[in-house]
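These protein sequences, in sequence, are chains A and B. According to my numbering, the first sequence holds residues 8 to 122 in order. According to my numbering, the second sequence holds residues 9 to 125 in order. Where is the CB? At the ideal position from N, CA and C, for every residue including glycine. Take a look at the structure below.
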Amino acid sequence: AQSVTQPDIHITVSEGASLELRCNYSYGATPYLFWYVQSPGQGLQLLLKYFSGDTLVQGIKGFEAEFKRSQSSFNLRKPSVHWSDAAEYFCAVRHPTSGTYKYIFGTGTRLKVLA
Amino acid sequence: DVKVTQSSRYLVKRTGEKVFLECVQDMDHENMFWYRQDPGLGLRLIYFSYDVKMKEKGDIPEGYSVSREKKERFSLILESASTNQTSMYLCASSHERLLTGENTEAFFGQGTRLTVV
């Protein structure tokens with residue numbers, strides 16, 4: 008079955024520390040991969056996406072993610088976390104072919120940042 | 009900027025009422041989606057539409073219906089609201105035709121927090 012796993016429900020880091028959020032997927036083909044961020048009471052905003060080429064992708068707000076095909080992973084990283092990064096983060100996939108429509112989301116990782 | 013706009017940020021409705029949640033997108037996207045978000049459960053797909061008047065059930069369609077009469081508008085209907093439908097509802101849209109990696113992400117509205125009392 009197709010699925011996305013975010014094994015960490017909650018993560019707490021100190022401001023200025025590095026961050027890595029994990030995402031693993033189970034999918035028949037190499038999907039398109041996404042990371043979204045959701046601030047409290049808001050919709051989801053795209054941080055970055057991978058669809059082909061360089062497996063290290065850069066996104067907004069200083070985030071990056073690395074696609075590792077052999078591990079079916081797409082982990083999100085940031086070298087130095089800011090208090091404003093406190094939010095919920097969702098990993099998502101979709102099939103790379105027209106006509107398949109749907110996105111599959113992980114259950115999210117809630118990030119808390121300590122001052 | 010792509011815009012997906014949901015008609016209400018907050019709604020309070022009574023049990024048994026018929027509830028309409030409206031969503032409009034301005035990017036000529038073929039696909040539109042309604043998700044429900046609850047703590048610990050992530051986003052669950054209720055219904056989606058890939059064209060005008062076309063709809064398909066998602067993972068949790070029970071108690072909901074949808075309408076897409078125009079390409080830019082996708083409505084979620086709660087036929088008879090119940091307290092277990094209290095939740096955050098998110099609308100999204102995306103391209104489908106001529107899909108390339110560049111245009112593949114879904115765009116989300118700001119969400120509607122519905123409380124059924």
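CB contact below 7 Å: glutamate 113/B versus chain A: Under the Cβ criterion of 7 Å, glutamate 113/B is counted among the residues facing chain A.
Arginine 101/A in three-state terms, based on DSSP: In the structure shown, arginine 101/A sits in a strand (DSSP, three-state: E or B).
Backbone secondary structure at glutamine 93/B - three-state DSSP: The answer is helix: DSSP assigns glutamine 93/B an H, G or I state.
CB contact check: leucine 29/B to chain A, cutoff 7 Å: No, because no Cβ of chain A sits closer than 7 Å to the Cβ of leucine 29/B.
Interface flag, asparagine 39/B vs chain E, CB-CB below 7 Å: Here chain E cannot be found, since the structure's protein chains are A and B.
Near-chain B residues of the region 33-58 of chain A - C-beta to any C-beta below 9 Å: Cβ contacts with chain B come from Tyr39, Phe41, Tyr43, Gln45, Gly48, Gln49, Gly50, Leu51, Gln52, Leu53, Lys56, Tyr57 and Phe58.
Of the residues Thr13/B, Gly24/B, Gly48/B and Ala100/B, the one placed nearest arginine 117/A, counting alpha carbons only: Just measuring C-alpha positions, the residue of Thr13/B, Gly24/B, Gly48/B and Ala100/B sitting nearest arginine 117/A is Gly48/B.
Rounded separation between glycine 66/A and arginine 22/B - CA only: One C-alpha to the other measures close to 42 Å.
Contacting residues, own chain, Cβ-Cβ under 7 Å from tyrosine 34/A (five flanking each side not counted): Only Gln9 and Val100 meet the Cβ criterion.
Given arginine 81/B as reference, the closest of Met40/B, Lys26/B and Leu53/B once Cα atoms are compared: Ranking Met40/B, Lys26/B and Leu53/B by Cα distance to arginine 81/B puts Met40/B first.
Partners in chain A for glutamine 93/B, counting only beta-carbon separations shorter than 7 Å: For a Cβ distance threshold of 7 Å, nothing in chain A lies close to glutamine 93/B: the least Cβ distance comes to about 19 Å.
Glycine 69/A versus Val120/A, Gln52/A and His89/A, residue with shortest Cα-Cα distance: Closest option to glycine 69/A, Cα to Cα, is His89/A.
Per-residue burial, histidine 17/A [other beta carbons within 10 Å of its own, 16 or more giving buried]: By the neighbour-count rule (16 or more Cβ atoms within 10 Å), histidine 17/A is not buried but exposed.
Top-ranked residue by Cα proximity to lysine 61/B, from Glu38/B, Gly50/B and Arg44/B: It is Glu38/B.
Residue nearest to valine 64/A in terms of C-alpha spacing, selected from Ala93/A, Asp92/A, His102/A and Leu40/A: Ranking the options by Cα distance to valine 64/A, first place goes to Leu40/A.
Closer than 7 Å to chain A by CB, glycine 119/B: Glycine 119/B counts as touching chain A.
Residue-chain proximity (leucine 84/B, chain A), Cβ-Cβ < 7 Å: By this cut-off, leucine 84/B is not an interface position.
Cut-off 7 Å between Cβ atoms - residues of its own chain near arginine 76/A, not counting five sequence neighbours on either side: Answer for arginine 76/A: Thr37, listed in chain order.
Option nearest glycine 71/B by Cα separation, candidates Lys78/B, Met96/B, Tyr55/B and Leu19/B: That would be Tyr55/B, whose Cα lies nearest to the Cα of glycine 71/B.
Residue span of the beta strand (DSSP E) that contains glutamate 7/A, given as start and end: Because chain A in this structure spans residues 8 to 122, residue 7/A falls outside the shown range and cannot be described.
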